[in-house]
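Report on one structure; see the data block that follows.
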Amino acid sequence: MKDPVIASEGLVVRLGGVDVLKGLTLSVFEGDFIGIVGPNGGGKTTLLRCILGLVRPSAGSIRVFGRLPGASPGRIGYVPQRLFFDRDFPLDVAGLVLMGRLSRKHLLERYTKADRLKVDEALELTGLSAIRHRAVGALSGGELQRALIARALVGDPELLLLDEPTASVDPDMKTSIYDLLEQLLGRMTIMLVSHDIGAISRRVTRVACLNCTLDMHEEGSSLPRGSLDDLYHYPVDAICHHKPDPSDRAGD
Amino acid sequence: MLHDILAYEFMQNALLAALLSSVACGIIGSFVVVKKIGFISGGIAHTAFGGIGLGYWLGVNPLLGIIPFSLAAALGIGLLSKKAKVPEDTAIGTFWAAGMAIGVILIGLTPGYAPNLFSYLFGNILTVPSFDLWMIFLLDVVIVGTVFLFQKELLAIAFDEEYAAVSGVSATGFYLLLLCLIALTVVVMMRVVGIVMVIALLTVPAAIARNFSRSLPGMMAISTLLSLVFSTLGLMLSYLFNLASGATIILVAATAFMLVQLVRIFMRSGAAR
Numbered sequence: 001m002k003d004p005v006i007a008s009e010g011l012v013v014r015l016g017g018v019d020v021l022k023g024l025t026l027s028v029f030e031g032d033f034i035g036i037v038g039p040n041g042g043g044k045t046t047l048l049r050c051i052l053g054l055v056r057p058s059a060g061s062i063r064v065f066g067r068l069p070g071a072s073p074g075r076i077g078y079v080p081q082r083l084f085f086d087r088d089f090p091l092d093v094a095g096l097v098l099m100g101r102l103s104r105k106h107l108l109e110r111y112t113k114a115d116r117l118k119v120d121e122a123l124e125l126t127g128l129s130a131i132r133h134r135a136v137g138a139l140s141g142g143e144l145q146r147a148l149i150a151r152a153l154v155g156d157p158e159l160l161l162l163d164e165p166t167a168s169v170d171p172d173m174k175t176s177i178y179d180l181l182e183q184l185l186g187r188m189t190i191m192l193v194s195h196d197i198g199a200i201s202r203r204v205t206r207v208a209c210l211n212c213t214l215d216m217h218e219e220g221s222s223l224p225r226g227s228l229d230d231l232y233h234y235p236v237d238a239i240c241h242h243k244p245d246p247s248d249r250a251g252d
Numbered sequence: 253m254l255h256d257i258l259a260y261e262f263m264q265n266a267l268l269a270a271l272l273s274s275v276a277c278g279i280i281g282s283f284v285v286v287k288k289i290g291f292i293s294g295g296i297a298h299t300a301f302g303g304i305g306l307g308y309w310l311g312v313n314p315l316l317g318i319i320p321f322s323l324a325a326a327l328g329i330g331l332l333s334k335k336a337k338v339p340e341d342t343a344i345g346t347f348w349a350a351g352m353a354i355g356v357i358l359i360g361l362t363p364g365y366a367p368n369l370f371s372y373l374f375g376n377i378l379t380v381p382s383f384d385l386w387m388i389f390l391l392d393v394v395i396v397g398t399v400f401l402f403q404k405e406l407l408a409i410a411f412d413e414e415y416a417a418v419s420g421v422s423a424t425g426f427y428l429l430l431l432c433l434i435a436l437t438v439v440v441m442m443r444v445v446g447i448v449m450v451i452a453l454l455t456v457p458a459a460i461a462r463n464f465s466r467s468l469p470g471m472m473a474i475s476t477l478l479s480l481v482f483s484t485l486g487l488m489l490s491y492l493f494n495l496a497s498g499a500t501i502i503l504v505a506a507t508a509f510m511l512v513q514l515v516r517i518f519m520r521s522g523a524a525r
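Taken in order, these protein sequences are the chains called A and B. Last residue of the first sequence: 252 in our numbering, with the numbers rising by one and none dropped. Last residue of the second sequence: 525 in our numbering, with the numbers rising by one and none dropped.
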């Protein structure tokens, strides 16, 4: 069996005296497209921050690529939920995306032509080539989201973490972002946090429901109706997990 | 007339000081503005007064007292707000007042009269001695060199500290480095406008430059140029009308800032119509 990309056992994260994650055990394997759903405050973002090494576990263990979180920056791409930044910051789209190469660079090393070519590729993939010189402050919500995805992809990550990538975009853009992720399937392991259960369940291979504790639902199994109702404290549409087309996963 | 003015050695020194300080001010001021750490910079500048007192008390050039003191202030404010989870403005306020208090006490303990004290507080670009000019030059080299070497890290923490951290860059480390560079810039600017008013030259040129640039290096270049224009113009006006040079430079910068803002408001309301 392959080593898991992410492995956590009994992971507890306490923030401000509150247990945000209560004993989470989770394994994510190479090539997985795992969706994490759950109510607001259920710890979805905290789980991502823990994987990134931005939050330290209070108990339990977590390993990413077999190492402590934060020890493999060059192998992880991260798309934050919202970027709070100064709208007047003097930076264009290409400049924002170029920063995604930072994790691949040593101290004192400069960005090279190869880095800029990578930026061109990422802009092409995310459909941003035409607005590469636009100031980041002038981007719409959807354009900014795609620019953040481009920034995460430009470092050639093996693991892509996305925090609510479709929260602030219109439906058309939502579809195009999911289409983009489908293109990436097989090339990298993807973990997607969302409360948009409907959209997630049609695409991902596994769904995990997170509300301080984790319920894992494997590929092909259907989510028991009661568990989601319990999770959200209100009735939720039942979800049937769709089996992905094997030809889409040539990388496995 | 200009030719006559330039014939004086003190005027040549003054112009050189204006040029050298504009470089540090344009580059570091751009970081101060985009990262919105003007208040921290003001705190570091005022805390540095303790260093001037230290210099007098030890009987050395106050420049030699202020360099270690302002660096310590930068690290102290930075660490206190990052690590001790003290609200940043509390940390700044405490250092600000404590630094000035130390300066007042040390100057009081120094026997006799403290010469040139006023010029450290409010600047006097017309009396910059050659030694100070060399110090300013040296600090300029350190500041420009450091920013050049760590430009990608400094840009990353200025824009998005969290992403910098995720990329394996020590966000706290580079933030502290940036604060230290601000401290050194304060020292550079001290002779020109003094520590009390340095904050205006650290923010105004960069704030205006931001309207005209879509990249940080571009903003730095414009900001350096503006800073040079303000200090030269202020210098000339202060000479012609016999005014305090530091204060005149600050008022030139502030007037330019107000004018740019007025034009922007005017243009925006014009566009809305």
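Even for Gly, the Cβ is constructed at its ideal location relative to N, Cα and C.
Buried versus exposed, by CB contacts within 10 Å (16 or more), residue i
i              : result
R516 (chain B) : exposed
F211 (chain B) : The structure shown has nothing for residue 211 (chain B), since chain B only spans 253 to 525.
S58 (chain A)  : exposed
W309 (chain B) : buried
E109 (chain A) : exposed
S247 (chain A) : With a pLDDT of 43 at S247 (chain A), under the threshold of 50, the modelled position of this residue cannot be trusted; read the value that follows with caution. By the neighbour-count rule (16 or more Cβ atoms within 10 Å), S247 (chain A) is not buried but exposed.
N376 (chain B) : buried
D92 (chain A)  : buried
E164 (chain A) : buried
K335 (chain B) : exposed
P171 (chain A) : exposed
K113 (chain A) : exposed
Q183 (chain A) : exposed
R206 (chain A) : buried
D384 (chain B) : buried
S521 (chain B) : exposed
Cβ of residue i within 7 Å of any chain B Cβ
i              : result
F89 (chain A)  : yes
D253 (chain A) : The first residue shown for chain A is 1 and the last is 252, placing residue 253 (chain A) beyond what the model contains.
A135 (chain A) : yes
Y78 (chain A)  : yes
M99 (chain A)  : yes
G226 (chain A) : Here the model assigns G226 (chain A) a pLDDT of 49, short of 50, so the residue's position is not dependable and the matter cannot be decided.
L102 (chain A) : yes
P4 (chain A)   : no
P73 (chain A)  : yes
G220 (chain A) : Note that G220 (chain A) has pLDDT 48, beneath the 50 cutoff, so the model's placement of it is unreliable and no number is given.
Contact belief for residue i with residue j at Cβ below 8 Å, rounded distance in angstroms
i              : j              : result
F321 (chain B) : G302 (chain B) : 5 Å
L378 (chain B) : A499 (chain B) : At roughly 13 Å, the Cβ-Cβ gap does not stay under 8 Å, so L378 (chain B) and A499 (chain B) are not in contact.
G281 (chain B) : L390 (chain B) : Between L390 (chain B) and G281 (chain B) the Cβ distance is about 20 Å, and since that is not below 8 Å, they are no contact.
R203 (chain A) : F33 (chain A)  : 7 Å
A417 (chain B) : E405 (chain B) : At roughly 11 Å, the Cβ-Cβ gap does not stay under 8 Å, so A417 (chain B) and E405 (chain B) are not in contact.
I502 (chain B) : V445 (chain B) : 6 Å
G74 (chain A)  : R104 (chain A) : 5 Å
I474 (chain B) : A461 (chain B) : 4 Å
L180 (chain A) : I190 (chain A) : That belief does not hold up - the Cβ atoms of L180 (chain A) and I190 (chain A) are roughly 11 Å apart, past 8 Å.
A300 (chain B) : I318 (chain B) : 5 Å
Test: residue i CB closer than 7 Å to a CB of chain A
i              : result
S419 (chain B) : yes
L401 (chain B) : yes
M471 (chain B) : yes
L468 (chain B) : yes
R462 (chain B) : yes
S322 (chain B) : no
S475 (chain B) : no
S422 (chain B) : no
S333 (chain B) : no
S465 (chain B) : yes
S479 (chain B) : no
Exercise. Along the segment 285 to 316 of chain B, what residues have a CB closer than 8 Å to any CB found in chain A?
Worked result: Taking 8 Å as the Cβ-Cβ cut-off against chain A, the residues of the segment 285 to 316 of chain B that qualify are V286 and K288.
For this session: Let me know the beta strand (DSSP E) ranges lying completely inside the segment 277 to 336 of chain B, each 3 residues or longer, listed in chain order.
Result: Under the rule that a run must span 3 or more residues, no beta strand (DSSP E) segment is found entirely inside the segment 277 to 336 of chain B.
For this session: May I have a chain-ordered list of the alpha helix (DSSP H) segments no shorter than 4 residues that lie completely inside the segment 376 to 452 of chain B?
Result: List check, alpha helix (DSSP H) in window: 382 to 401, 403 to 411 and 413 to 418.
For this session: Taking only runs that begin and end inside the segment 58 to 94 of chain A, name each unbroken beta strand (DSSP E) of 3 or more residues, in chain order.
Result: 59 to 64 and 76 to 79, all fully within the segment 58 to 94 of chain A.
Exercise. Listed in chain order, which residues of the segment 403 to 418 of chain B have Cβ atoms closer than 9 Å to some Cβ of chain A?
Worked result: Those residues of the segment 403 to 418 of chain B that come within reach of chain A (Cβ to Cβ, closer than 9 Å) are Q403, K404, E405, L407, A408, A410, F411, D412, E414, Y415, A416, A417 and V418.
For this session: Could you please tell me which residues of the segment 104 to 133 of chain A, in chain order, have their CB closer than 9 Å to any CB of chain B?
Result: Under the 9 Å Cβ criterion, the segment 104 to 133 of chain A contributes R104, K105, L107, L108, E109, R110, Y111 and H133.
Problem set entry | Interface residues of the segment 44 to 59 of chain A facing chain B [CB-CB below 7 Å] | Answer in chain order: L52 and L54.
For this session: At 3 residues or longer, and completely inside the segment 112 to 177 of chain A: list those beta strand (DSSP E) runs for me, N to C.
Result: Look at the segment 112 to 177 of chain A and you find these whole runs of beta strand (DSSP E), each 3 residues long or longer: 159 to 163.
Exercise. Going along the segment 155 to 171 of chain A in order, which residues come within less than 7 Å of chain B, judged by CB to CB distance?
Worked result: The residues in question: there are none.
For this session: Just list the alpha helix (DSSP H) runs in the segment 467 to 497 of chain B, keeping only unbroken ones of 4 residues or longer that don't cross its boundaries, in chain order.
Result: Within the segment 467 to 497 of chain B, complete alpha helix (DSSP H) segments of at least 4 residues are found at 468 to 493, given in chain order.
Exercise. The segment 14 to 48 of chain A: which residues have C-beta closer than 7 Å to a C-beta of chain B, in chain order?
Worked result: Cβ contacts with chain B come from no residue of the segment 14 to 48 of chain A.
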